[in-house]
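Chemist:
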Amino acid sequence: MNEFLLLGDAGSPGYEGIFTDLNTTFWSAVLRIMQALLAAAPFLVAGVFAAGILRGMVGAERTRRILGVGHWSGPLRAWGLGIMLPICSLGALPVARELRRAGVPSGTVISFVLVAPVLNPVSIIYGLSHIPPIMLVYFAAGTFLVSVGIGVIWNRVVAGRHDTSPERLEIAPRDSRHRLAVVGYTSATALVGPALVDYGLALLAVGFLGAFLPHGVLQTGLTRDNALAPVIMGLVAIPVYVTPTEVMMHFGNIVRDGYSLGAAFALIVLGAGANVGVANWLRRDYGVKSLTLFVALLIGSTLAIGVTADRTIIHGAAKETDHTHAFDPFTRLSTVFNGNGSLHWIRRELQKSMRPDRVWGLGLLCLVAMAGIGLRLAGNRCRIDHLLEPDESETRLSTSSRWNPTLSPIQLCMAGILGVLAAAVAGLYVYYPPTHDLIQDMNNIRVSVYDAVREEDATETTRRLAQWRAHLRKLSTSVQIRLGRVDTPQRESVDEVLYSLKTLEDYVLSGRFREAKALTRYVEKVYRLCCDAFH
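With the working numbering as the guide, the letters of the sequence shown map in order to residues 45 to 579.
#1: Assuming residue 131 and residue 161 form a contact by the criterion Cβ under 8 Å, report the distance between their Cβ atoms to the nearest whole angstrom.
#2: Inspect the CB distances between the region 493-502 and the region 314-323 and report whether three or more fall short of 8 Å.
#3: Considering only residues of the same chain and omitting the five flanking positions on each side of residue 138, which have a CB-CB separation below 7 Å?
#4: Cβ atoms of residue 105 and residue 146: under 9 Å apart, would you say?
#5: Going by beta-carbon coordinates alone, are residue 151 and residue 200 separated by less than 9 Å?
#6: By the 10 Å Cβ neighbour count, where 16 or more other Cβ atoms means buried, how is residue 473 classified, buried or exposed?
#7: Assign residue 398 to buried or exposed, taking buried as 16 or more other Cβ atoms, counted over all protein chains shown, within 10 Å of its Cβ.
#8: May I ask you to verify whether the region 205-212 touches the region 242-250, counting CB pairs closer than 8 Å and requiring at least 3?
#9: Pull up the distance between the alpha-carbon of residue 440 and that of residue 371, whole angstroms please.
#10: Since residue 583 is in the alpha helix (DSSP H), which residue starts that stretch and which ends it?
#11: Inspect the CB distances between the region 412-427 and the region 285-299 and report whether three or more fall short of 8 Å.
#12: Provide the residue span of the alpha helix (DSSP H) that contains residue 157, from first to last.
#13: Extract the residue ranges of the alpha helix (DSSP H) inside the region 69-146, only unbroken runs of 4 or more that lie entirely within it.
#14: Report all residues from its chain with a CB closer than 6 Å to the CB of residue 540; omit the five preceding and five following residues, and keep chain order.
#15: Three-state secondary structure (DSSP) at residue 373?
#16: If you follow the alpha helix (DSSP H) that residue 241 is in, where does it begin and where does it stop?
#17: Cutting at 6 Å between CB atoms, please list the residues of its own chain near residue 420, excluding the five before and the five after it.
#18: Could you please give the first and the last residue of the uninterrupted alpha helix (DSSP H) stretch that includes residue 169?
#19: Report yes if the CB atom of residue 255 is closer than 9 Å to the CB atom of residue 277, and no otherwise.
#20: DSSP three-state call for residue 502: helix, strand or coil?
#21: Out of 252, 534, 226, which has the shortest C-alpha to C-alpha gap to residue 573?
#22: Give me the Cα-Cα distance between residue 6 and residue 275, rounded to the nearest whole angstrom.
#23: Report yes if the C-beta distance between residue 580 and residue 111 is below 9 Å; otherwise report no.
#24: Report yes or no: do three or more beta-carbon pairs, one from the region 560-568 and one from the region 545-552, lie closer than 8 Å?
#25: Give the C-beta separation of residue 257 and residue 374 to the nearest angstrom, bearing in mind that I take them to be a contact with Cβ-Cβ under 8 Å.
#26: With H, G and I counted as helix, E and B as strand and the rest as coil, what does DSSP make of residue 162?
#27: Please list the terminal residues of the continuous alpha helix (DSSP H) segment that includes residue 478.
#28: Should residue 85 and residue 406 be called a contact, given that it needs their Cβ atoms to be closer than 9 Å?
#29: I need the boundaries of the alpha helix (DSSP H) containing residue 400, first residue and last residue.
#30: For a test of the three-state rule: what should DSSP assign to residue 440, helix, strand or coil?
#31: Let me know if residue 518 comes out buried or exposed under the rule of 16 or more other beta-carbons within 10 Å of its beta-carbon.
#32: Ignore the nearest five residues each way along the sequence and tell me which others in residue 505's own chain have a CB closer than 7 Å to its CB.
#33: Could you tell me whether the Cβ atoms of residue 409 and residue 79 are closer together than 9 Å?
#34: Determine whether the beta carbon atoms of residue 305 and residue 280 lie at a separation below 9 Å.
#35: Between the region 178-187 and the region 373-392, are three or more C-beta pairs nearer than 8 Å?
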C-alpha cells in the first residue's frame, strides 16, 4: 500500500490547507480552468473549422467513403484521419458530431476522437524536439492499439444496436459561396448547444483537480520502481485536460528524467486523448452502460500497455526519492495569499503563458462563439439546411466563375505541394524552438549534468550530456530560420561548448571524476559565453 501514500500524504505540500484555505482552493480552480481554456483555444478553433469543412466542402457521401463505412477498416482509416488534423480532445468533439451526422459508425468516430488529440502533425513535430524517435514510435504504436482496438470492439458490440442512420445524406453545395456559408454556420454553432455542456464539464473537471489535488503530491513516486505508477497517473489523468504540445513536453520530461513510461502513456491517452466531455457525449447518446464499457476498455488497455512498457523498455532509472515538477500544473497552487485572489491576479498569471498562437486562438474563439450565439438566437431565419439539399436544377457540370473557379489536376497538385511546403516550414519552427526556450531547457539539463558528475554517476551523466548536445545543435538552426543568418562568433561558441562536453564525457567514461568535477567550471564558463552570444 506504500504506492498509494503519495495520494494521501499528510505531509505533502498543500494537503492540510485543502479545506481550511478556501482562498487557495477557489482561486487555484479558477486559474487552472482559465489556463486550460487559454491553451485549448487554438486547437478548439481548428476543430470547429475542421467540422465546418467536413460538412460544407467534403460532404457526407465523400466522408463516408473516406472512412470506409460498411467496411471493417473504418477504425483504421479514422486513425489515419486523426493524425492529420491538429486538434485537441475538445476540438475533436465538433468533428465527431459531423462524422456522426454523416452516418459514420460510432466506433470509427471513437477511434478518431482518441488519436487526433495526441498524435497529429503539431504533436509529432513538437515531440521530435522533446522525445527520442524510438520513444515516439512506441507512443504511436500504443495509441494505435488503444484507439483502433476500442473502435473495432465498439462497432461490434454497441454500434449495431445504438447507431441510427441519417434519414438522408446531406450534399455539399456546388456553389462556393454556399459552401462557405455552410462552413461558417457549422463552425459557429459547434460551440453552442449540447457541445457547450461537454466543454464546460471538461473545464470544470480541470478546476476540480486544481482545487483539491494537493500541491507537490505528484513530485515523487511516479518512477519505474513503483508498480502502481501508471494506475496513479491514470486516476489523475482522467479529469486532466492537456493540449497536444503540452503532453509531448510532459512526455519528454518523463523520459528525460527517467520516470515511469507507463505513467507517461497513461497521461497521453487518458489526459490528452480523452476527457470528461467525451464521456458525457457518449453517456448522452449511448447511455451509462455503453459508457461503462468504453471507460473499462480505455483504462484497461491503457494500463496494460503502460505496465508492459515499464517492464520491457529500458530508460533512465529515477528513484522514488527523486522529485520532478513536471506535473505541478495539474495540482492546486501551494498558496494564494488573500491579497492575490482577484481577477486581476488571474490575468497577470495568464499573461505569463500568453503566446501569439494563444492570443489569436482566443480572439478567434470569442468571435466564433459570439457568431454562434447570434445564429442560435436568430433561429430559422439563418438556417442553412436548404443549402445541403440536392438541387435538381443544377447540372452535373458546374460553370466556372470568379468565386467558383474550375481547377485543373495540375493546379490541384500544385496547391497540394504548396500546402505540404507550408506545413514543412511550420514544422521547422516547431522542431527548432526559439533560442530562449532552448536555453531555458539547457539550464535545467546542465544542473542535472553537474549533479550526476558530483555523484559520480557515469550512466546519468552521459544521458544528460546527450540531451544537452541535442539542444545545443538546434541553436544555430533556430537563429537561421528566424533571422536568416548566424554570426561566426555564435557558431564558434556552440562548437566550444560541444567540445567541452565531449571532453567531460571522455573523463566520465574513463572514470576520471576528479578531473570531470574540475572541468565543470570551464564548461559553465563557455556555456555562459554561448548564451550571451545568442541573446
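The C-beta atom is built at its ideal place from N, Cα and C for all residues, glycine as well.
Modeler: So, from the data block:
#1: Taking C-beta atoms under 8 Å as the contact rule, residue 131 and residue 161 qualify, at a distance of about 6 Å.
#2: Counting Cβ pairs under 8 Å, fewer than three are found: no touch.
#3: Same-chain partners within the cutoff: 91, 92, 95, 234, 239.
#4: Using a Cβ distance threshold of 9 Å, residue 146 and residue 105 count as a contacting pair.
#5: The Cβ-Cβ distance between residue 151 and residue 200 falls below 9 Å.
#6: Result: exposed.
#7: Result: exposed.
#8: A contact between stretches requires three or more CB pairs, one per stretch, nearer than 8 Å, and the region 205-212 fails this requirement with the region 242-250.
#9: Per-residue confidence for residue 440 stands at a pLDDT of 49, beneath the threshold of 50, marking its modelled position as unreliable; the derived number appears in the next sentence. Residue 440 and residue 371 have their C-alpha atoms roughly 57 Å apart.
#10: Lying before the first or after the last residue shown, residue 583 is absent from the chain, which here runs from 45 to 579.
#11: Taking 8 Å as the limit for Cβ pairs, the verdict is that the region 285-299 does not touch the region 412-427.
#12: Segment 150-159, the alpha helix (DSSP H) holding residue 157.
#13: Counting only runs of 4 or more, we get 104-110, 118-126, 136-145.
#14: Excluding residues within five positions, the ones whose Cβ falls inside 6 Å are 570.
#15: Shown here, residue 373 sits in a helix according to DSSP, grouped into three states.
#16: Run containing residue 241: 238-256, per the alpha helix (DSSP H) assignment.
#17: 236.
#18: Per DSSP, residue 169 belongs to the alpha helix (DSSP H) from 165-172.
#19: With contacts defined as CB atoms closer than 9 Å, residue 255 and residue 277 fail to qualify as a contacting pair.
#20: The DSSP-derived three-state label of residue 502 is helix.
#21: Nearest C-alpha to residue 573 among 252, 534, 226: 534.
#22: Limits of the chain in this structure are 45 at one end and 579 at the other, which puts residue 6 out of reach.
#23: The structure shown does not extend to residue 580, since the chain is modelled only from 45 through 579, so no value can be given for it.
#24: Result yes; three or more Cβ-Cβ pairs closer than 8 Å.
#25: The beta-carbon distance between residue 257 and residue 374, rounded to whole angstroms, is 6 Å. This is short enough to meet the 8 Å contact definition.
#26: DSSP, reduced to helix, strand and coil, places residue 162 outside both helices and strands of the structure shown, so it counts as coil.
#27: Element bounds for residue 478: n/a, residue is neither H nor E.
#28: Their beta carbons are under 9 Å apart, which means residue 85 touches residue 406 by this criterion.
#29: Segment 400-422, the alpha helix (DSSP H) holding residue 400.
#30: Unreliable placement is indicated for residue 440, whose pLDDT of 49 sits below 50; no coordinate value is reported for it.
#31: With 16 or more Cβ atoms within 10 Å of its Cβ, residue 518 is classed as buried.
#32: The residues are 493, 496, 497, 552.
#33: Contact flag unset, no.
#34: No, the pair does not count as a contact, with Cβ atoms beyond the cut-off.
#35: Flag = no, the region 178-187 and the region 373-392 do not touch.
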